[in-house]
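Have a look at the structure below before the remarks.
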Amino acid sequence: MRLPIPYRPEADVLAPLLQRLQDLDWALASGDAIGWIGQVRAAKPSAFAMETLLREFPLSSAEGLALMRLAEALLRVPDADTAMTLTADQLGRADFSGASQSWLATLSNQAISLSKKMLGEDGQKAGFLARMGAKAVVAATVRAVQLMGKQFVMGETLDEALDDARKQRKARKGLRFSYDMLGEGARTDADAQAYMRKYHAAIAALAKSRDRGVPVEQADGISIKLSAIDARYEAVQHDHVMALLVPRVCELAEAAAQADLNLTIDAEESERLELSLEVFEAVATRTAARYPQWNGFGLAVQAYQTRALETIEEVARIARALKVRFMVRLVKGAYWDYEIKRAQELGLAAFPVFTHKHHTDLSYLACARAMLAMPDAIYPQIAGHNAGTIAAVLHLARAAGAPFELQRLHGMGDAVHEAAHRQYPDVGLRVYAPVGPHKDLLAYLVRRLLENGANSSFVHQLADETLPASALVSSPLHIAPQSAVTLPADILGVRRNTAGTDVSCEPMAKTLLAAYPAAALPTPALTPVAQIDALVQTLAKGQKRWNATPVQTRAAALEQAADALERDLAQWCALIVREGHRTWGDAVSEVREAADFCRYYALQARGLMAPQLLPGVTGERNTYALAGRGVWACISPWNFPLAIFTGQVVAALVTGNAVAAKPAEQTPGVGAAMIALLHRCGVPEDVLIGVYGAGETGAALVAHPKIAGVAFTGSTPVAKAIARTLAGKDGPIVPLIAETGGLNAMIVDSTALPEQVVDAVVQSTFRSAGQRCSALRVLCVQDDIADGVIEMLAGAIALLQVGDPSRLSSDLGPVIDQEAFDKLQGQIAALEGRARLIARAPLPADAPVNSIAPVAFEIGALEQVREEVFGPVLQVLRWKGEVETLVEQINALGYGLTLGVQTRIDTRAQAIAAQAEVGNVYVNRNMIGAVVGVQPFGGEGLSGTGPKAGGPNYLPRFCSESVVTVNTTAAGGDVDLLMAPH
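All letters in the sequence shown, in the order written, are residues 1 to 982 by UniProt numbering.
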């Protein structure tokens, strides 16, 4: 099975799709659609319709945003105090007084208006009466959000949904349903097993009410998410997925076949597309052998993906090979913003989705035409709410004469579909029917709000009656020459974003893996301490000439190095995986970061190092200039053997300094390779020299009298020792740039979504085997939700794969060496004696030497956190009371590197960031992976001296400053002044 690579130029993908639709009479189709729009607008949608909601509270308004955020979070908050604070935080920045016809306005307008008085703009609650008033406001808002959610969910239970379906069928005979069990994807195997039970129960319930008089394609069915029944449903976990997920889907498919129901696999993110097709084919092959007459198996295809048409063709190939027919639900797509962000973060060549709305519509029509032309292999299910698209598909279907059905989401697009039904009464309609309790509908509801609240959305435009109907159905049959969204390479504006790769994309992953066997690390000889003096003297002489070299030349050398890193990314990754024991994903990020440092500092230096004329009195010229200080010692750690090493070295070089570059003794090969690259790119050999050895070598280097500055990343004790050495030397005061470790915490309150929290915690704690200075060390969870979060976290830890980092499936490899392993084992043993074990990942028999199983402990007080545990170890603390007190306790630890905050209360996040004494605060995301020039990185207190690496103030620290003042009148007068008109 082979689909094209997903990252292709958008226009190139669309050209053949447009060719398929050259004979489509858009004017005829749009005439139907304009008539339907007129009917819908004349009838006025109900007060509960999505159209009304978006007209009253567009997402571009403060009210719309407040409503969406309350819908996403409020119902899951278990404690009254946090619920009141969240409500005040969101309602305090909105004004619902102008709402006229909405159910929300009718239900709770008075309570909402009262909220600012009762809760206060800043969410503070004062006095008994205010507290009672606040509870009333929260109760009214909760009810309003529940009512909103009720419009888009068939029922909290399947029985409720079936009752609703019976009522709807009375109004429209032949209506079909596909039930979806709501919820986030599984994070633990217990979650996955729970979803399996829900799906089995749904199949059993539907089997009892099955109308045996209709074929399976017209019967009710269920939709399943593969991510719900396998917590490790990921492309890099291929073998696991085929061994565990395929049998689970087979179970469900065979149960559906026995009941003669239909079962559809929902579409998910683009990086899982090939894997989903492989799972689909494996399941279809098994079920076709046992139930050859069953045509109820299907899957959803997202037209916004650039490989949608090829996906449909692949499904048809499988169907014909097995001599069955599949049900294919064609949708526009549901994760567009995620796909855009991911491609930009990874630095990919293009997006896996179309960026123009009309391009998605064009793709949708081309896919629909292809499906309608394959009646032997595909039963088309045309899902959507866009009147123009529906009308065009109906015309295509009439021409093809193929069986098909329309689909819509429950609670959305009802009026448009009813208008279409009046004109085409013989077309079948299926409703995608979400089922689940209120707390599980939140993510689904917000996704629907975002999709339909977008400016380009048909539903959003339908609600805007100032737009003529013709504007809603403009032809999509043309190609825009440029992407509607900034391409990943261009997101940084002033400099190019370094290209990356996607380890979940098989062709890209193969390139990485192919580089590993040939990865040859340099083996530099140790530098004798006795040679340090001669080495530094050589650098001191070379620095004079290098400092006089134009900054343009120095910057060009850095940019050439960046280009080489980018071009040979796979080879550099292989070196990092081999010597640093990093996984492929971590290695890719590190190579990109090293190239980013080169480009960012080159760009900065061109402006920074240029002389500046300063203002002054007539007859004087004042020139300000920066220059290199001399010879810098750059001492880098083993945990980022390329990125941090490169960042230090090129910052010193581009500002006119010479560099004695000492990589960590554990990773000398990567450092030596980078030095060789810089030499090839134009840095003279007497300006950059490698120094190799253990701590005593670094100490001798720092102590040399001609060292003009030290850039160090490593432990706090070593940084203090360097500071003492520098302070004790005779001669000039020598600057120290130190970035050290941290007791990094993450604060989680009860408004946070547990699934997002666990994702962020696992990434922040266990990536790179926890060997990042920014890694999460202490998770502080509000007591009201701690039990659930800790249980989910334990399940997620249990699924982590410790293994050879050269395997794509490994989540983490071993720690760097035996010394680190022994220290970690001692720290873990101490925690076992004073803390409660939460979870420990299994350690396979073939785990590499020095592997540490990811582990988490619960502690009783923050004071128990005694030192930085530099490995895959997490300590978890429950907190109660005021969050300000917790932040004070975190500050008291003395470190100040990174802090994570997980909350939906915006004012709380802002207040924590203002109070925290840390260098980098990350809100509602993981807390690792700072990007050069985007998130300048560095801490304070015991975590470093600053300035921040990859920030605007880093390069000046490497420079000396001078001002030259010239009295221009000394030679007879100020010519400029005298010659000026006056």
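C-beta: ideal position from N, C-alpha, C; glycine also.
Note on geometry: alpha-carbon atoms of C573 and R307 lie some 28 Å from one another. Judged by beta-carbon spacing, Y444 lies beyond the 7 Å limit of V932, meaning their Cβ atoms are not closer than that value. Contact check for V279 and V236: beta-carbon distance about 15 Å, past the 8 Å limit, so the pair fails to qualify. Bounds of the alpha helix (DSSP H) holding M792 are D783 to A798.
Looking at the DSSP output, P434 shares a beta bridge with D180. Per the coordinates, the alpha-carbon of A980 lies some 12 Å from the alpha-carbon of T618. In this chain, the beta strand (DSSP E) harbouring M746 covers A745 to V748. In the structure shown, P517 adopts coil according to DSSP, grouped into three states.
Exposed is the label assigned to K544, since fewer than 16 other Cβ atoms lie within 10 Å of its Cβ.
In this model, A267 and V650 are separated by some 45 Å (Cα to Cα). If you compare the alpha carbons of P848, A556, S810 and A534 with that of Q818, the shortest gap goes to P848. Taken in chain order, the whole alpha helix (DSSP H) runs of length 4 or more contained in the region 647–725 are 668–680 and 695–703. With a threshold of 16 other beta carbon atoms within 10 Å, R197 falls short and is exposed. Here S636 is buried, its C-beta having at least 16 other C-beta atoms within 10 Å.
Of the residues V416, V138, A540 and A595, the one whose Cα lies closest to the Cα of R567 is A595. Note that the region 131–147 does not touch the region 404–421; fewer than 3 beta-carbon pairs, one per stretch, sit closer than 8 Å.
Spatial neighbours of R878 in its own chain (CB-CB distance under 7 Å, excluding positions within 5 residues in sequence) are listed in chain order as V781, D783 and A786.
In the three-state reduction of the DSSP assignment, Y600 falls in the helix class, which pools H, G and I. In the three-state DSSP reduction, A136 falls in the helix class (H, G or I). Boundaries of the alpha helix (DSSP H) around F821: Q818 to R834.
Judged by beta-carbon spacing, P805 lies within the 7 Å limit of V577, meaning their Cβ atoms are closer than that value. Here DSSP, grouped into helix, strand and coil, assigns I859 to strand. Taking 8 Å as the upper bound for CB-CB distance, R210 and L261 are in contact here, some 7 Å apart. Bounds of the alpha helix (DSSP H) holding N891 are V883 to A892.
DSSP places Q552 inside the alpha helix (DSSP H), whose first and last residues are V551 to R567. For the region 454–527, the continuous alpha helix (DSSP H) assignments of 4+ residues that do not extend past its boundaries occur at 458–463, 469–472 and 506–515, in sequence order. Judged by DSSP secondary structure, R621 falls outside any alpha helix (DSSP H) and instead within the beta strand (DSSP E) spanning E620 to G628.
Across the set T523, W26 and A971, the C-alpha of W26 shows the shortest separation from the C-alpha of P476. Secondary structure at G64: helix, using DSSP grouped into helix, strand and coil.
Taking a C-beta distance under 7 Å as the contact criterion, G881 and G742 do not qualify as a contact pair. Straight through space, the alpha carbons of T667 and V301 are spaced by roughly 46 Å.
At least 7 Å separates the beta-carbon of P522 from that of A343. Runs of the alpha helix (DSSP H) lying entirely within the region 259–340 and spanning at least 4 residues, in chain order: 273–290 and 308–322.
Rounded to the nearest angstrom, the gap between the Cα atoms of V975 and T965 is 17 Å.
In this model, L67 and Q90 are separated by some 8 Å (Cα to Cα). In the displayed model, V923 falls within a strand according to three-state DSSP.
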